[in-house]
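Just so you know, this note's numbering puts 71 at position 53 of the sequence shown, and the rest follows in order with no gaps.
Step one of this worksheet: look at the structure below.
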Amino acid sequence: MDDYLERFKAMVEELKAHPDVVVTHFNIFPPASERSILRAGHEFCAEIPQDFMLFYRRTNGLQLRWLWRNTSNFEKLLAKGEKYPELSYDSVYEDDGGVAGCINIQPIQNVFWNTSFWKEIVYFEEDVDKTTMTWDGNMYPFNAFRKALVPIDYYHFFYSTLLLSIEKGDDLPLLHSSGYFKNVEWSGFSSFQQYLGFLLASKGVVIGRLDVDFFKSKGKELSNPLGNWHQLDLDRLSYDETERRFSLGDSGE
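Okay, structure coming up:
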């Protein structure tokens with residue numbers, strides 16, 4: 019995984035070279051300090067998988083936002099991008115769904131210990147646990163389960179990729195949420211490293227998180243998590259002005 023930041027840079031250059039694409043944000047941050055990494059393990063009360071640690075030793079978060087020039091609200095979205103040099107919760111929330119691609123991987127503190135950042139966004143402390151939720155054969159108090167959902171990639175005002183911190187093991191489950199975190203399901207990724215590989219191949223296109231199968235290599239095992247994905251052909255991405263949404267088209271495989 020040593021070269022993945024260079025691969026992200028190369029992918030962004032490909033986006034910038036496309037005449038219908040405008041990249042508004044691409045932020046790679048200084049690495050998380052070793053003190054922060056040690057604190058993450060201590061606060062999390064479990065050993066954090068190495069693919070997360072390798073990522074945060076290279077950059078404490080990763081951001082990319084790009085627009086499709088032919089969307090009806092292009093100028094509005096472009097202006098909003100100029101308003102926020104870095105992607106925050108507010109900046110993503112203000113986007114109205116017309117952003118073609120976005121990656122907003124959170125800094126280590128917002129994932130592994132400063133999770134109160136997500137209070138009143140993912141969970142609400144004034145709620146009282148009166149119901150339970152069954153997940154993967156285990157039953158949890160509903161609010162406790164909600165509090166254990168931590169956005170690791172908050173890329174859209176309606177969708178997010180989440181880490182389920184209530185289950186701690188060799189691989190931390192990555193979930194997909196929709197409906198402002200109301201609906202939660204498996205994301206389709208077995209590890210964070212595999213998710214990074216998918217982001218590289220899909221160029222962070224928002225609709226790709228909803229159709230992961232579109233990018234899976236047919237007849238191949240994803241033994242190399244950063245590779246063996248179908249690469250997004252930008253010329254297959256289209257925007258439906260009537261429906262006001264993007265589609266990926268045929269993978270051609």
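All C-beta atoms, glycine included, are put in the ideal place defined by N, C-alpha and C.
Secondary structure at residue i, three-state DSSP: helix, strand or coil?
i	result
E271	Per-residue confidence for E271 stands at a pLDDT of 47, beneath the threshold of 50, marking its modelled position as unreliable; no derived number is given.
F207	coil
H60	helix
N45	strand
T150	strand
D21	coil
L160	According to the sequence displayed, residue 160 carries Phe and not Leu. Helix.
S134	helix
G119	strand
L190	coil
Y257	strand
D231	helix
L181	strand
What is the residue span of the beta strand (DSSP E) that residue i lies within?
i	result
Y141	That residue, Y141, is in no beta strand (DSSP E); it is neither H nor E in DSSP.
L96	Counting along the chain, L96 falls outside any beta strand (DSSP E), though it belongs to the alpha helix (DSSP H) covering 92-101.
L82	80-86
Y198	Unbroken run through Y198: none, as it is neither H nor E.
L167	167-171
Where residue i and residue j are concerned, what is the direct C-alpha to C-alpha distance, given to the nearest angstrom?
i	j	result
L252	D69	28 angstroms
N78	Q124	8 angstroms
N122	W247	21 angstroms
K34	K221	12 angstroms
S134	V168	10 angstroms
K137	W204	22 angstroms
N132	C63	14 angstroms
I139	Y111	11 angstroms
E61	F73	18 angstroms
I66	S209	12 angstroms
H174	V224	7 angstroms
D154	P37	45 angstroms
T152	Y158	6 angstroms
G116	E259	11 angstroms
R254	G267	5 angstroms
A118	I184	32 angstroms
G256	T89	One detail in the question is off: residue 256 reads as Ser in this sequence, not Gly. When rounded, the distance between both Cα atoms is 10 angstroms.
Kindly indicate which residue of the options has the alpha-carbon position closest to the one of residue i.
i	options	result
S51	D38, K27, L217, R76	R76
F92	L266, R262, G267	R262
K27	L255, S208, L218	L218
Q249	K165, G226, T260, F233	F233
K148	N156, N161, G115	N161
A294	S106, Y158, L182	Nothing about residue 294 can be read from this structure; the chain reaches only from 19 to 271.
S109	Y74, Y172, T89, S90	Y172
K200	I170, L190, Y141	Y141
C120	F47, K101, G197, T179	T179
S7	M71, S256, P103, F176	Absent from the structure is residue 7, since the part of the chain shown begins at 19 and ends at 271.
I126	F47, A118, S265	F47
E104	A118, D229, L80	L80
Tell me which residue opens and which closes the alpha helix (DSSP H) that residue i is part of.
i	result
Y107	107-112
N128	126-130
S264	What sits at residue 264 in the sequence shown is Phe, not Ser. Where F264 is concerned, there is no enclosing alpha helix (DSSP H), although the beta strand (DSSP E) it sits in stretches over 263-265.
Y74	68-74
Open item on the list: Quick test of the definition: if touching needs 3 or more C-beta pairs under 8 angstroms, does the region 39-56 touch the region 76-87?
Closed with: As far as the Cβ criterion goes, the region 39-56 touches the region 76-87, which means the pair count is three or higher.
TODO: Tell me, please, whether the region 209-223 touches the region 20-27 by the rule of three or more beta-carbon pairs shorter than 8 angstroms.
DONE: When C-beta atoms of the region 209-223 are compared with those of the region 20-27, three or more pairs fall below 8 angstroms, so the two segments count as touching.
Open item on the list: Under 8 angstroms: do the region 90-100 and the region 53-65 share three or more Cβ pairs, one atom per stretch?
Closed with: Contact fails: fewer than three Cβ-Cβ distances are below 8 angstroms.
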